[in-house]
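Asks: The opening residue of the sequence shown carries number 582 in the working numbering; numbering runs sequentially from there.
Built from N, CA and C at the ideal position, the CB exists for glycine as well.
Predicted model only: the values in this text are computed from it and were never measured.
Quick one: the structure is below, and I'll ask about it shortly.
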Amino acid sequence: MDFIANIQELASNVGISNMAFQAAYKYLYMHELIRMHPSMATSTTGSQTQYQASITHQGMKVVEEVFKYQHKATEYFPPYREMMR
582 MDFIANIQEL ASNVGISNMA FQAAYKYLYM HELIRMHPSM ATSTTGSQTQ YQASITHQGM
642 KVVEEVFKYQ HKATEYFPPY REMMR
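Listed below in structure tokens is the structure:
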């Protein structure tokens, strides 16, 4: 069973702009690192799409590689140490 989260909400909570979020979401999805789970939520202004997603097996392997080799770039990401500056 996948853990599904509204990743747009998570991005907002850590201060990522909507434009940066959209680019990251598209990148992760296009490289099959996340799986989309479309969901609609009704708000007072009508319906809006929520970005529900879960990490794929390939995504987990990439995350593990990032932490295992913290000073080395992976196929998808720069070195962890550089991302944390």
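#1: Would you tell me roughly how many angstroms separate the C-alpha atoms of residue 587 and residue 641, rounded to the nearest one?
#2: Rounding to the nearest angstrom, what Cα-Cα distance links residue 648 and residue 638 in this structure?
#3: Where do the ends of the alpha helix (DSSP H) carrying residue 662 lie?
#4: Does the beta carbon of residue 648 sit closer than 9 Å to a beta carbon anywhere in chain C?
#5: Exposed or buried, residue 608, counting other C-beta atoms within 10 Å across all chains shown (16 or more means buried)?
Replies: With the structure as the only source:
#1: 18 Å
#2: 16 Å
#3: Looking at the DSSP string, the run of the alpha helix (DSSP H) that includes residue 662 is 661–664.
#4: Among the chains of the structure shown, chain C does not appear; only one protein chain is present.
#5: exposed
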